[in-house]
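Residue numbers (this note's numbering), protein chains in the order written: chain G, 3 to 756; chain C, 9 to 294; chain S, 4 to 84; chain Z, 430 to 587.
From the three backbone atoms N, C-alpha and C, an ideal C-beta is built for every residue, glycine too.
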């Protein structure tokens, strides 16, 4: 039966309520098992030796002394891993990041690994591995890396997307351009133009749970991997591809995940754990320290962005352009391209042009971080928009409303929008009480908009109706923040049964078909679509069974309120059959009852948010306090509003940290100075106020319940909203994120005294 | 690594004398255990002094207060008399880390860790606190500012242990205060710290003062000239400006991951001025 | 016949053309014909391309039908957090 | 290398274990005693995920040596519920959706318990500062603070 994903308005019984999550009790009692909470018999302790140099050729590695140490069971270097030099470049890069083959490209790059009987022995063994490095000049700054004089990371990379092809290698891996119209003509037409350059420093997702896994490879080549990941099917695929294994031989179980935000979408050390286990012939547990997480997982890009926006006196933007440079770490990626796509996505522009440059630097490989690349572009654009509104003497919200994208607008990245929520979020902001609240001395208010694409992808679910009429739903998207509750609600809604009778679990890779990762805000969107499909299939089975039990035609059976009802005047004497009664009889009516679904859940629908923020800045110290914060975002349909609010609040909090204090600080030697939570300052409880949320529900036409992804967009506006607030509080335009106290004080001191 | 938990100072000292290897004293452990996580850390002996007799409490004497080396900062915060007499010292001690850290950390440990940014140290120095140092050759009492000599280095001998910190009894009309700047509201290391301790005459004029700054030089800075600038004043604006200026001038900071030279200099003056104001109010100045 | 717009870096692979007319009823046919006509697109089609049909992005749906008057864009496959 | 013999009380039960001098209380709880409710988020006392209550005081178990627990009373998340009755804080965390990924939750619950034990009626500011030693990256703390407020209300009979 083909699945109809189109939206139909309906009255909900379960969706939209706020029950306790099914995995909740495990999590408040300490029983939930995360990456490092799992052990296997005979398990060894794995450790990774990491480069202390930002850029160095690996001349040789001598592991003999480590291997000779009592208690050491395996030592692995790149020589023990497949050489993918002649294959797919992205695979080569991914494995090279897990274990450096020829060069160490950043402080923290893995060069060798050991497995030993205990932590002390593993620690000793690391010290016995002798690595001969030829230290090379390095570059960590995104603007310095694009200079012709900069040390070049790869002499095989010539800037892509440029005609004619460059003749010299460069750290600019690729150029990508978007837009339409004629920006030169548009700027000619402008009465006012704002042109500014902005910088953002590198930040980390900062999940509290470090990467952890237990790998066990058997002598017959079959293997198991227990791991914290946002996508165990993807980890299986990647590990198998990188190590040359059959996919079917590797079974991956996702542990509970202690935060990911994009950082657990790539393999970092899991192939190494498998290689250690294969070599040692025993299970190996590999857990990163916090220091390793900062130095050697995947933070987001540092950026440098030039923006130019022009408007007529009447408040219409005539042209907008941006040039964006995003750091990728040592491997080419598409971060600047995403920044270039999202920069002006909130606006209806006749003339727009954006150009992104992917810049290679001696920093860890950049990974996705919640709406990757969008917050930095939004910081630059929304700051300039605010400044332009000031120049025009127009209220910043009104200015944005006047220029907001709407249904039918050609987006700055190409396609034409369907029904979207930017206008409604802005209108909600305009009338929000927050906007009218009084401000005191040294206080400022700022607001900003944000956009993120959202996407769906491959999804597979199994819905089993148990013999007592309760339901087990097996999904393959990792639950990062309450999705099991949402999916249970959806199954309950579709089947017409109580939420409490549905239990959702995340299945491992051997027991369910392939699922894409929980990324792109797709977890609830796509798995709920597949769940609805599974439930509808199960209902079909149950109608059949009811027909059999009644000995009538299936056409005369409908499913309503969790029960089969016979329709037609000849059957009106038949009492409805509950799901329980049908399930109890299932052994005699054809066996177990289940509904299965496999699909590509497309049509996720773009997402917009508007944030409002009040700050107070101490003009003598540059210290900034967030006084009040409001998030307004379109959810399509909030399945479990608590967790939708939670996504809004969490994204805002991460954005606040990024805006004010979080940054990677590198020394002259190219080594990371602050690889810990002491000096990488994520917001603590006392730093924040309550974060108010307003959920708008503009149904996504491509989902049966109108659901859109909600996870990522909330991190897009905060950088700009806070920068606008701080700029308004201190009277100086802040152009460098984070706006740490020394930067604010320096900006104030640089002001000519009036 | 060997772990020992002696019951007397003599036993503790003897363990330290007798060891051939690298030894550390463990009180709260909130610095030592962090250091021990580094792969470069090697220790042969750890002497836990929390069971040593006489180090576990705060004693009020005729001369003032004796704070045992094993007293946690949380316990200091709960000591009403100490808090009333030396609010600046106690608030500085209570700024160190989270509730979790407070349960363990000690001011003697904060002092011996010899971090330029230690929160309790500028307040202790401003307060004129003394360290009671016990070792194989007996006991000596030294000003707190003589303990740290460089970042991570103290003047203590190999087998010497700080047994207690002493604070004087307060004359009337006295007040102290400590302020630090951190980027967040909690959990950070001071980027700048300023402790001010003063006593007023009956007219509310500052009779004596001590001003100490943290995180602006390799060790805590006692700024006599800044103290002199407020003695004889009622902290009028001009006096406070002078104090701030002299404090900024006394700084010899570095640029690092936590702050810049310019920032530290400027904020040192700002905090000293604000702390002086609080101390003055606490002393009963109008 | 549908008109397909190539965005970003893709245009460079098809001699700088931004718009291409293709006789295709669904995404599968579109991909097949594009790959035949422009072998340089083969790799990106395999790994990197998503299709936006009237503003809705399809990553993996070959069977998605392409109405004659639809707004069709070839886009980079996105990544998310 | 011989181990250090330690006798201690964990969640009311007398426990004996051998540990190495280097091992932290967190290592002992997780790796020797199977009490994996306390998490290692940083190992340096900066995140609070390993929080336990030691002799009535909240500590980071990563900054306590296993040997130091000799003769002590240790409370961990595993002992918070009484039988099948959840502590009011646990219940309120669930009701308020005060957790997303949940990895910081055991530490927050221990910290909140220590806070309410010492101050049964805290203000929002006292809660925020009292919990500042526990990092949460998912929630923005809003729902956590509300859960603690609600639990305090309930525990005070209101």
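Expressed to the nearest angstrom, what Euclidean distance is found between the alpha-carbon atoms of residue i and residue j?
{"i": "residue 569 (chain G)", "j": "residue 14 (chain G)", "result": "24 Å"}
{"i": "residue 550 (chain Z)", "j": "residue 432 (chain Z)", "result": "44 Å"}
{"i": "residue 447 (chain Z)", "j": "residue 125 (chain G)", "result": "21 Å"}
{"i": "residue 112 (chain G)", "j": "residue 449 (chain Z)", "result": "29 Å"}
{"i": "residue 575 (chain Z)", "j": "residue 222 (chain G)", "result": "53 Å"}
{"i": "residue 45 (chain G)", "j": "residue 45 (chain S)", "result": "45 Å"}
{"i": "residue 461 (chain Z)", "j": "residue 440 (chain Z)", "result": "16 Å"}
{"i": "residue 719 (chain G)", "j": "residue 487 (chain Z)", "result": "37 Å"}
{"i": "residue 6 (chain G)", "j": "residue 706 (chain G)", "result": "8 Å"}
{"i": "residue 710 (chain G)", "j": "residue 649 (chain G)", "result": "13 Å"}
{"i": "residue 108 (chain G)", "j": "residue 202 (chain G)", "result": "20 Å"}
{"i": "residue 197 (chain G)", "j": "residue 750 (chain G)", "result": "21 Å"}
{"i": "residue 423 (chain G)", "j": "residue 344 (chain G)", "result": "15 Å"}
{"i": "residue 231 (chain G)", "j": "residue 261 (chain G)", "result": "9 Å"}
Exposed or buried, residue i, counting other C-beta atoms within 10 Å across all chains shown (16 or more means buried)?
{"i": "residue 575 (chain G)", "result": "exposed"}
{"i": "residue 61 (chain G)", "result": "exposed"}
{"i": "residue 105 (chain G)", "result": "buried"}
{"i": "residue 652 (chain G)", "result": "buried"}
{"i": "residue 148 (chain C)", "result": "exposed"}
{"i": "residue 676 (chain G)", "result": "buried"}
{"i": "residue 169 (chain G)", "result": "exposed"}
{"i": "residue 671 (chain G)", "result": "exposed"}
{"i": "residue 12 (chain C)", "result": "buried"}
{"i": "residue 29 (chain G)", "result": "buried"}
At 7 Å on the CB atoms, spell out the chain G contacts of residue i, in chain order.
{"i": "residue 61 (chain S)", "result": "604"}
{"i": "residue 665 (chain Z)", "result": "Past the edges of chain Z, shown from 430 to 587, lies residue 665 (chain Z), and the structure says nothing about it."}
{"i": "residue 444 (chain Z)", "result": "In chain order: nothing, as chain G lies at least about 16 Å away."}
{"i": "residue 194 (chain C)", "result": "686, 688"}
Residues of chain G with a CB under 8 Å from the CB of residue i: which are they?
{"i": "residue 191 (chain C)", "result": "625, 662, 663, 683, 742, 743"}
{"i": "residue 278 (chain C)", "result": "622, 623"}
{"i": "residue 47 (chain C)", "result": "125, 128, 129"}
I want to verify the contact list: residues of chain Z whose CB lies under 7 Å from the CB of residue i, in sequence order.
{"i": "residue 535 (chain G)", "result": "Near residue 535 (chain G) there are no residues of chain Z at all, since even the closest Cβ is about 26 Å away, more than 7 Å."}
Name, please, each residue of chain S whose Cβ falls closer than 9 Å to the Cβ of residue i.
{"i": "residue 527 (chain G)", "result": "Within 9 Å Cβ-Cβ: nothing; residue 527 (chain G) doesn't reach chain S, min ~11 Å."}
{"i": "residue 94 (chain G)", "result": "Near residue 94 (chain G) there are no residues of chain S at all, since even the closest Cβ is about 14 Å away, more than 9 Å."}
Given that residue i touches chain C, what residues does it touch there, using C-beta distances under 7 Å?
{"i": "residue 486 (chain Z)", "result": "82, 111"}
Quick one: list the residues of chain G neighbouring residue i, beta-carbon separation under 9 Å, in chain order.
{"i": "residue 529 (chain Z)", "result": "261, 482, 483, 484, 645, 648, 649, 652"}
Below 8 Å on C-beta distance, what does residue i contact in chain C?
{"i": "residue 451 (chain Z)", "result": "9, 44"}
Inset, instruction - Please confirm if the stretch 614-621 of chain G is in contact with the stretch 452-467 of chain G, defined as three or more CB-CB distances below 8 Å between the two stretches. - result: Contact between the stretch 614-621 of chain G and the stretch 452-467 of chain G is absent: fewer than three C-beta pairs spanning the two stretches fall below 8 Å.
Legend entry - Three CB pairs or more closer than 8 Å across the stretch 235-255 of chain C and the stretch 270-287 of chain C: Enough Cβ pairs lie closer than 8 Å, so yes.
Legend entry - Any 3 or more C-beta pairs closer than 8 Å across the stretch 321-329 of chain G and the stretch 352-362 of chain G: Taking a cut-off of 8 Å for Cβ pairs, the stretch 321-329 of chain G and the stretch 352-362 of chain G touch, as three or more such pairs fall below it.
Inset, instruction - Check distances from the C-beta atoms of the stretch 205-222 of chain G to those of chain Z and list, in chain order, the residues that come in under 9 Å. - result: Result list: 207, 208, 209, 210, 211, 212.
Legend entry - Interfacial residues, the stretch 540-561 of chain Z to chain G, with Cβ spacing under 9 Å: From the stretch 540-561 of chain Z, only 553, 554, 556, 557, 558, 559, 560, 561 have a Cβ closer than 9 Å to chain G.
Inset, instruction - Please name the residues in the stretch 100-125 of chain C whose beta-carbon is closer than 8 Å to at least one beta-carbon of chain Z, in chain order. - result: Taking 8 Å as the Cβ-Cβ cut-off against chain Z, the residues of the stretch 100-125 of chain C that qualify are 105, 106, 107, 108, 109, 111, 112.
Inset, instruction - Taking a Cβ distance cut-off of 8 Å, strictly less, list which residues of the stretch 244-274 of chain C are near chain G, in chain order. - result: Considering only beta carbons, the part of the stretch 244-274 of chain C lying closer than 8 Å to chain G consists of 264, 265, 266, 267, 268, 270, 271, 274, in chain order.
Legend entry - At least 3 beta-carbon pairs within less than 8 Å: the stretch 37-54 of chain C vs the stretch 62-70 of chain C: Cβ pair count under 8 Å is below three, so no.
Legend entry - Segment contact flag, the stretch 692-702 of chain G with the stretch 625-639 of chain G, C-beta cutoff 8 Å, min 3 pairs: The stretch 692-702 of chain G is in contact with the stretch 625-639 of chain G.
Inset, instruction - Give a yes or no on contact between the stretch 187-205 of chain C and the stretch 5-13 of chain S, applying the rule of three or more CB pairs nearer than 8 Å. - result: The stretch 5-13 of chain S and the stretch 187-205 of chain C do not touch, with fewer than three beta-carbon pairs separated by less than 8 Å.
Legend entry - Members of the stretch 605-622 of chain G near chain C, C-beta cut-off 8 Å: Answer set for the stretch 605-622 of chain G: 622.
Inset, instruction - Check distances from the C-beta atoms of the stretch 283-298 of chain G to those of chain Z and list, in chain order, the residues that come in under 7 Å. - result: Under the 7 Å Cβ criterion, the stretch 283-298 of chain G contributes 291, 292.
Inset, instruction - Take every Cβ of the stretch 411-419 of chain G, pair it with every Cβ of the stretch 384-401 of chain G, and state whether three or more of those distances are shorter than 8 Å. - result: Flag = no, the stretch 411-419 of chain G and the stretch 384-401 of chain G do not touch.
Inset, instruction - Taking 8 Å as the threshold, find out whether the stretch 492-503 of chain Z comes into contact with the stretch 543-558 of chain Z through three or more Cβ pairs. - result: Between the stretch 492-503 of chain Z and the stretch 543-558 of chain Z there are fewer than three C-beta pairs closer than 8 Å, too few to call the two in contact.
Inset, instruction - Below 8 Å between beta carbons is the criterion; list the residues of the stretch 495-516 of chain Z that meet it against any residue of chain C, in chain order. - result: From the stretch 495-516 of chain Z, only 496, 497, 499 have a Cβ closer than 8 Å to chain C.
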